[in-house]
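Residue numbers (the numbering used here): 3 to 469.
Reviewing the structure listed below.
Here is the structure:
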């Protein structure tokens, strides 16, 4: 997919303009300068042409702060990946030294450049754009991210400068692509882990908690398999989210989990798996993500095997989906490759189908291991096996959906399905097919009802498992 880098001085409205062009609210917008830090790719479509807008942090060459230096490096990297660049300036502020330095950088770049004079919110503001001819980047285009003025003209100009679309271009939503969200509390090493996955500095890493603000999608190939890495801002307890920027950061982290297939919940090994880590894992599993927990910095902590077993037992007791607990080190690379292999395996399990004959063999073995309960039928359809003392019968099992896996079991009486027995079947299914941490749903459908093999049968409440 072609890429368009959006660059500019801090607080000129780059993220607001990207949200206007893409018709989304993916880019974090705030009146405080410097909210955008990493480069963030947001998909856009105009007149049938799809491309990615690269939202970069505000570039200030005079700021000596180390974080500002990292932002400048990320902006340069975004420009290196792009086929078109858009320099956004503040028409009301006029030409500033930072604009001239960026213009000098772009004049030497090997990509076509569009100059967008933002904040022209009315017709009387349009003449303000003329001042920017002096930057030597051609005709300035008056636009307004707030009002939408000139946004269509800007998109027309972008599409006209893009290289021809390649036939058979890779589709990130194609089957087999695993979308992996890296989530967790602030400052546990998520961005360091993503950089280790990629083998390069893709996201800004700093000791300051909350450096990552956007959810950033980055493609990655592992042994011929396509992954999309989603690095997310740290999630804090709602009571501690007093800053409005952090509130929207948390919201985007939740959305990242909702659009992922797999979530790695990164924990700090020095703290162990905290109560907040468990809540984040529950958030991911409720979003339908297959989930594993990662104790990062394990080599720095020097944990023993007994410590790891304690953490695994605690997670198994607290989380119904029983996600695996793995150890790794973003600093040294220890077990990082294993994390990616586990993510691919979890993604495959959410997408895989178990043949019906195999499921019915499993069902027969589960019934032999533990007999279904006996009870009194409380209402329902006549002829469904009613009467006091009749035993629940599990007749037939099939898989009806994937992502997450969903199964239907035909029974003689849904009323006799107890919560304990539904959990027993679910746990045996999880153990048999390696679905620890994978959300799955088991529907119990009474014999004679429609839907035993349909896409959405009537659900049995106690057997639903979404985390």
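Beta carbons are placed, not taken as given, at the ideal position from N, Cα and C, and that holds for glycine.
Q) On the three-state DSSP scale, how would you describe residue 363? A) Three-state DSSP puts residue 363 in a helix.
>> Taking the straight line between their C-alpha atoms, what separation do you get for residue 106 and residue 97?
In response: Going from the Cα of residue 106 to the Cα of residue 97 covers about 13 Å.
Cutoff 8 Å; reference residue 423; Cβ partners in own chain excluding five residues on either side: Apart from the 5 residues on each side of it in sequence, residue 423 sits with its Cβ closer than 8 Å to the Cβ of 372, 374, 375, 394 in its chain, given in chain order.
Practice problem: Less than 8 Å between the CB atoms is what I'm expecting for residue 90 and residue 25, so what's the real figure, rounded? | Solution: Actually they are not in contact, since the Cβ atoms of residue 90 and residue 25 sit about 18 Å apart, beyond 8 Å.
Residue 291 to residue 397, Cα distance in whole Å? For residue 291 and residue 397, the distance between alpha carbons rounds to 30 Å.
- Could you have a look at residue 445 and say whether DSSP puts it in helix, strand or coil? The answer is strand: DSSP assigns residue 445 an E or B state.
Original post:
Between 144, 181, 150, which lies nearest to residue 126 when the distance is taken from Cα to Cα?
Top reply: For the residues 144, 181, 150, the minimum Cα distance to residue 126 belongs to 144.
**Asked** Exposed or buried, what is residue 57 when buried is set at 16 or more other beta-carbons lying within 10 Å of its beta-carbon?
**Response** Counting Cβ neighbours within 10 Å, residue 57 comes out buried, since at least 16 surround it.
Problem - Backbone CA spacing between residue 359 and residue 369 [nearest angstrom] - result: A straight line joining the alpha-carbon of residue 359 with that of residue 369 spans about 16 Å.
### Message
Between the region 414-434 and the region 285-304, can you find at least three pairs of beta-carbon atoms closer than 8 Å?
### Response
Contact fails: fewer than three Cβ-Cβ distances are below 8 Å.
Q. Is any heavy atom of the ligand ADP found at a distance shorter than 7 Å from the C-beta of residue 161?
A. Inclusion of the ligand ADP in the displayed structure is not the case, the ligand content being empty and no account of it being possible.
In angstroms with no decimal places, state the Cα-to-Cα distance between residue 311 and residue 427. Residue 311 and residue 427 have their C-alpha atoms spaced approximately 25 Å apart.
Measure the alpha-carbon distance for residue 95 versus residue 153 and round it to whole angstroms.
In a straight line, the C-alpha of residue 95 is about 20 Å away from that of residue 153.
So, at 6 Å on beta carbons, what are the nonlocal neighbours of residue 356 in its own chain, with the 5 sequence-adjacent residues on each side left out? Within the same chain, residue 356 has close Cβ partners 401.
Worksheet item: Where do the ends of the beta strand (DSSP E) carrying residue 412 lie?
Response: Here the beta strand (DSSP E) through residue 412 covers 408-413.
With 16 as the cutoff for other CB atoms within 10 Å, does residue 92 come out buried or exposed?
Burial call: buried.
inquiry  = Here's the rule I'm using: 16 or more other beta-carbon atoms within 10 Å means buried, otherwise exposed. How should residue 21 be labelled?
reply    = Here residue 21 is buried: its Cβ has 16 or more other Cβ atoms, across all protein chains shown, within 10 Å.
Paired residues, beta bridge with residue 282 - DSSP:
For residue 282, DSSP assigns no beta-bridge partner whatsoever.
- Message: Measuring only the C-alpha atoms, how far is residue 85 from residue 115?
- Response: Answer to the nearest angstrom: the Cα atoms are 9 Å apart.
Exercise for the section: Locate the alpha helix (DSSP H) running through residue 396, then write down its first and last residues. Expected result: DSSP places residue 396 in no alpha helix (DSSP H) but in the uninterrupted beta strand (DSSP E) bounded by 396-403.
Roughly how many angstroms separate the alpha carbons of residue 425 and residue 338, rounded to a whole number? Computed Cα separation, rounded: 33 Å.
Which class does residue 352 belong to by DSSP, given the choice of helix, strand or coil?
Helix, per DSSP.
Discussion item. Looking at the secondary structure, which residues open and close the beta strand (DSSP E) in which residue 155 lies?
Written reply: No beta strand (DSSP E) holds residue 155; the alpha helix (DSSP H) holding it covers 153-163.
Check: Which residues share a DSSP beta bridge with residue 223?
Finding: Beta-bridge pairing links residue 223 to 228.
query: In the structure shown, what three-state DSSP assignment does residue 9 receive?
result: Here residue 9 sits in strand by DSSP.
Item checked: Spatial distance of residue 162 from residue 78 (CA atoms) -> C-alpha separation (whole angstroms): 23 Å.
*How close, in whole Å, do the beta carbons of residue 313 and residue 274 come, if the pair is a contact with beta carbons under 8 Å?*
So it is a contact: roughly 6 Å between Cβ atoms.
task: Give me the Cα-Cα distance between residue 220 and residue 227, rounded to the nearest whole angstrom.
output: Approximately 14 Å, taken between the alpha carbons.
Practice problem: Return the residue from the list 157, 147, 287 that minimises the CA-CA distance to residue 183. | Solution: Distance from the Cα of residue 183 is smallest, within the candidate group 157, 147, 287, for 287.
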